[in-house]
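Written below as structure tokens is the structure these notes are about.
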Ligand code: NAP
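In this note's numbering, the protein residues as written are 21 to 544.
This is the structure in structure tokens:
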């Protein structure tokens, strides 16, 4: 019998009504499980997390909660191979793809465990320094941060069922705020399995971690002041949920990580025979094909000097042609399918939109050779490179996110057009700049920063040692302005800010110093 995923709420495993949605293997359409949350009492689930989870977690100090994160990471680490198998089957991941998701999630928990221990036995945080307020020097202000009183609702996209959960939960649990996980239904098998393993390990206080595996239904109807929502997914769903009357009425924080037309820029100083040129091409090809392009940070727009565009097109095409696509279980396969039929169809439609303004110079076929699978029964999309010769006059190449192995190459003529093209993305999660020119490096870093949450600046000294354009490191902030959602996650201890209330305490300085003595300084 096919597995029916249960939801974990109110300290119990609960089945949704009806059959639920099918979770499939995108290589061949095989049904792996069903997931549903129909009829689950979401109001009661949130109330239990607020009551039991919060009191259990907030009875502990930051150091003790950091220890919980470490123990969680250990349990997950022990079951890592099982998670890889699920990632192969339900997400069509290759081993590298699965590592980014599974190990990326576990690594983020471990990182926050280490960072959390630096906060020791404190129960709240305070900002460094005090601010004088009046003629009397004794009357000053101290800003303190206390954990939120509600629950953190973490709504995630289908492409990172592990990392998406843990990159949010690490900061939330460290802050003492219980987690209510709402993974995307299509890949909730991995998220649910990880949470089940942790529930069985009995590490966390009751109510610290809940999950629903099916649709979100009326979840937003039950949010309360003191809760926080962190959403990752499409701009359309973000818009619908953050304008929900209950979200507006309660004034809760609502963090959005949405879609993004991330760019990679080859600077004019990089000649086509230089090692940096090769490194640029390699990085772009890797970004297009890792996780079959289903990364919110993946490179979608490739900006190159007009004089080099033919060379970049040839080099990229040669690399993409060598990418073996097929069943990740088959030897030598470097890129798997998209997650399901709906995403495959959306990618094809997106390619059609882009091709109204750009010429397909590689890929774009719906029939192509796959290894160890069948192109008709699997959700494969061929890596597709487009070229738009007049990007300054184009629109759709700058606003259409094709969530697959698809990118558009475009020439620029001068620095002014670089800055303009970058801004046409409307705000992005990540951008990369490849240059050895120190002057350009400085101008690009400062000018492009306004449009990006993160910039990877690559010269020959770091081209072999950087962490990659698309990898969100826990030390660095993740999020972007404008259409990327305007949110911010991670960034080391900066990521704790959203789970705390900052309050100005105005009082006698000696009282303030007594407060400070009970905690540690925190800058965000
Ligand atoms: P989506 O369709 O917008 O769904 C995102 C999440 O919202 C899913 O968990 C979905 O659940 C949930 N949802 C929908 N209606 C809801 C409701 N009424 N209440 C509560 N939750 C609800 O996005 P997706 O197709 O999964 O992901 C692809 C998109 O995510 C792309 O645009 C990509 O750029 C973006 N993304 C962004 C980032 C980032 O960090 N910025 C990372 C990854 C992906 P169901 O699955 O049950 O519908």
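Glycine included, each C-beta is placed from N, C-alpha and C at the ideal position.
A straight-line Cα-Cα distance of about 53 Å links residue 440 and residue 32. Of the heavy atoms belonging to ligand 1, at least one sits nearer than 7 Å to the Cβ of residue 279. Looking at 158, 86, 361, 216, the one whose alpha-carbon comes closest to that of residue 49 is 361.
For residue 449, the enclosing beta strand (DSSP E) covers residues 448-454. When the five nearest sequence neighbours on each side are left out, the beta carbons in the same chain lying within less than 8 Å of the beta carbon of residue 463 are those of 435, in order along the chain.
For residue 277, the three-state secondary structure derived from DSSP is strand. A straight-line Cα-Cα distance of about 33 Å links residue 127 and residue 238. The residues 300, 324, 454, in chain order, have a CB closer than 6 Å to that of residue 286 in the same chain once the five nearest residues on each side in sequence are set aside. In the DSSP assignment, no residue is bridged to residue 81.
Taking C-beta atoms under 8 Å as the contact rule, residue 184 and residue 348 fail to qualify, at a distance of about 20 Å. Under the three-state reduction of DSSP, residue 404 is assigned to strand.
Using a cutoff of 7 Å, the CB of residue 211 does not count as near ligand 1, since none of the ligand's heavy atoms is closer than that. Residue 295 is bridged by DSSP to nothing; it lacks a bridge partner. In this structure, the straight-line span from the alpha carbon of residue 203 to that of residue 62 is close to 15 Å. Within the chosen limit of 7 Å, ligand 1 does not reach the beta carbon of residue 24 with any heavy atom. Cβ atoms of residue 420 and residue 381 stay farther apart than 8 Å, at about 17 Å. In chain order, 447 place their CB closer than 6 Å to the CB of residue 501, counting only its own chain and leaving out the 5 sequence neighbours on each side. Residue state for residue 534 is assigned as helix, using DSSP reduced to three classes. For residue 230, the shortest separation between its Cβ and any heavy atom of ligand 1 does not lie below 7 Å. When distances are taken from the beta-carbon of residue 205 to the heavy atoms of ligand 1, the shortest one is below 7 Å.
Restricted to the region 491-534, the beta strand (DSSP E) segments that are unbroken, complete and at least 3 residues in length are 520-528, listed in chain order. For residue 41, the enclosing beta strand (DSSP E) covers residues 41-44. The DSSP-derived three-state label of residue 230 is strand. Distances between the C-beta of residue 490 and the heavy atoms of ligand 1 are all 7 Å or more.
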